[in-house]
Amino acid sequence: MKYLVTLLLLLAGFVANAQVKLLTLSQLESRVAKGKDTTYVINFWATWCGPCVEELPNFEEITKKSANKPLKVILVSMDFKSKLNSAVIPFVQKNKIKSEVYVINEPDQQAFIEKVDSKWSGAIPATLFVNTKLKIRQFYEKEFTVQELTKTIETLK
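Residue 103 in my numbering sits at position 102 of the sequence shown; the count goes up by one each step and never skips.
Put into structure tokens, the structure is as follows:
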């Protein structure tokens with residue numbers, strides 16, 4: 002019985018680790034390009050950012066509402082990749098986050114920021130809305146409510 006409990010705990014750890022992956026900008030761009038009929042809501046946040054943490058439930062609400070719709074919420078943590086196991090994964094587990102979660106894996110975060118949007122100062126929270134089919138790309142450096150997210154998503158249809 003003791004071995005079964007240990008095995009289950011190990012498996013739970015592997016499942017949780019699978020939830021959060023490292024991501025480069027080219028991987029993010031490729032992921033978005035593949036979803037021709039999908040609208041993407043990509044939120045840039047960090048575990049140490051109070052406003053980011055406050056707004057995450059709003060993105061989770063959108064994830065829940067869009068379960069069978071061509072809409073995908075992606076949460077990209079700006080925490081250092083060295084914090085993946087010590088901060089990000091425990092945060093995702095504790096808060097039961099269901100959206101796709103990634104940690105940025107770029108050697109130069111400033112270059113990453115400039116490539117995401119040339120007007121991005123690097124402040125977070127920040128959110129990128131993309132509809133590849135309609136060639137719409139909107140970037141915001143602000144905190145969103147559920148209502149603001151819903152309204153912005155509606156403009157992308």
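Note that CB positions come from ideal geometry on N, CA and C, so glycine has one too.
- Item | Nearest-angstrom beta carbon gap, Asn-106 and Leu-24 [assumed within contact, 8 Å] | Contact holds; Cβ gap of about 6 Å.
- Message: Can you give me the C-alpha to C-alpha distance between Gln-110 and Ile-125, rounded to a whole angstrom?
- Response: Each residue's Cα considered, the two are about 13 Å apart.
- If you count every other CB in all the chains shown that lies within 10 Å of the CB of Glu-155, and 16 or more means buried, which is it? Residue environment: Glu-155 is assigned as exposed (fewer than 16 neighbouring CB atoms within 10 Å of its CB, all protein chains considered).
- Query: Taking just the CA atoms, how far does Trp-49 sit from Lys-136?
  - Reply: Cα-Cα distance, rounded: 33 Å.
- What first and last residue would you give for the alpha helix (DSSP H) that runs through Asn-59? It spans 51-66 - the alpha helix (DSSP H) in which Asn-59 sits, taken as one unbroken run.
- Message: Can you give me the C-alpha to C-alpha distance between Lys-97 and Met-79, rounded to a whole angstrom?
- Response: A straight-line Cα-Cα distance of about 19 Å links Lys-97 and Met-79.
- Item | Those residues which DSSP pairs with Glu-101 across a bridge | Looking at the DSSP assignment, Glu-101 forms a beta bridge with Ile-75.
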